[in-house]
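Colleague:
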Amino acid sequence: MKKQTMYLLFVFVFGLSGCNTAKGYYPSLEEALSVYSDGEESLLYQNDKNQTAVFQYKNNVVMCFYEMENGTYKFEEGNGETSFYINRADPFNYHYFTHPETNQLYFFGTVQKLKNAEKITVTYSYTYENEQVSEQKEENINEHNIFVIPLNRELTEIKNISYKLYDTNGEMIKEIERK
1267 MKKQTMYLLF VFVFGLSGCN TAKGYYPSLE EALSVYSDGE ESLLYQNDKN QTAVFQYKNN
1327 VVMCFYEMEN GTYKFEEGNG ETSFYINRAD PFNYHYFTHP ETNQLYFFGT VQKLKNAEKI
1387 TVTYSYTYEN EQVSEQKEEN INEHNIFVIP LNRELTEIKN ISYKLYDTNG EMIKEIERK
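In my numbering, the protein residues as written are 1267 to 1445.
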């Protein structure tokens, strides 16, 4: 009797886990992302709070939105993800991503060849109610040389944006300015 109960419990739990997979939910984000590239991608950044991830597929860095349900993950290709091609000649590659559910704007990218880069600062200005406003955001660069920074304004409004990279000693090692 005890074995039968344990067997039924096992079948029930196994059946429930299969329900999520049937709806496109997987036990890990890596498995969910494999629908994009048949398992050839590398997960570089994951933020369960914002349900955003950055992964690399061949020479492309992709930022995407994913869904979470009961500790399982779902990724649907074509649901707002954006990517850029890694230019190996440029030590700093970046792009912008708008979260499809929250409309939060993110600035994300990768730092190459600058192995001692630890932090990035983004300074940008925009006009709000006929006044010039300037904002600065700072973020650490993770172990995969990826950074993700939430921005406050739509990029169509932003003017004079600059990016500064800092090393582990706090010294600026690279600056890029766009007007």
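Ideal Cβ positions, reconstructed from N, Cα and C, are used throughout, including at glycine.
1) Can you check which of these residues, A1383, E1443, E1401 and S1428, is closest to G1436 by C-alpha distance?
2) Looking at L1309 and A1298, is the spacing between their C-beta atoms short of 8 Å?
3) Applying the criterion that 16 or more other CB atoms from any shown protein chain within 10 Å of the CB defines a buried residue, is T1376 buried or exposed?
4) Going by the beta-carbon positions, is the gap between V1414 and Y1323 smaller than 8 Å?
5) Beta-carbon within less than 7 Å of Y1291's beta-carbon, same chain only, minus the 5 sequence neighbours each way: which residues are those?
6) Quick check on I1442: buried or exposed, where buried means 16 or more other Cβ atoms within 10 Å of its Cβ?
7) From N1418 to P1293, what distance separates their C-alpha atoms?
8) Measure from the alpha carbon of R1354 to the alpha carbon of each residue in Y1432, N1325 and N1411, then state which is nearest.
Modeller: In brief:
1) As a position in the sequence shown, residue 1436 is number 170, starting the count at 1. Out of A1383, E1443, E1401 and S1428, A1383 has the C-alpha closest to the C-alpha of G1436.
2) Translated into positions along the sequence shown, residue 1298 becomes position 32. Translated into positions along the sequence shown, residue 1309 becomes position 43. At a Cβ-Cβ threshold of 8 Å, A1298 and L1309 do not count as neighbours.
3) Numbered from its first residue, the sequence shown carries residue 1376 at position 110. Residue environment for T1376: buried (at least 16 other C-beta atoms within 10 angstroms of its C-beta).
4) In the sequence shown, counting from the first residue as 1, residue 1414 sits at position 148. In the sequence shown, counting from the first residue as 1, residue 1323 sits at position 57. Y1323 sits away from V1414, with the two beta carbons spaced by 8 Å or more.
5) One-based indexing of the sequence shown puts residue 1291 at position 25. Cβ within range, chain order: E1335, T1338, Y1339 and K1340.
6) Numbered from its first residue, the sequence shown carries residue 1442 at position 176. Exposed, since its Cβ has fewer than 16 Cβ neighbours within 10 Å.
7) Walking along the sequence shown from the start, residue 1418 turns up at place 152. Walking along the sequence shown from the start, residue 1293 turns up at place 27. Spanning the alpha carbons of N1418 and P1293 requires a straight line of approximately 33 Å.
8) As a first step, residue 1354 must be located in the sequence shown, where it is residue number 88. If we check each option's Cα against that of R1354, N1325 comes out closest.
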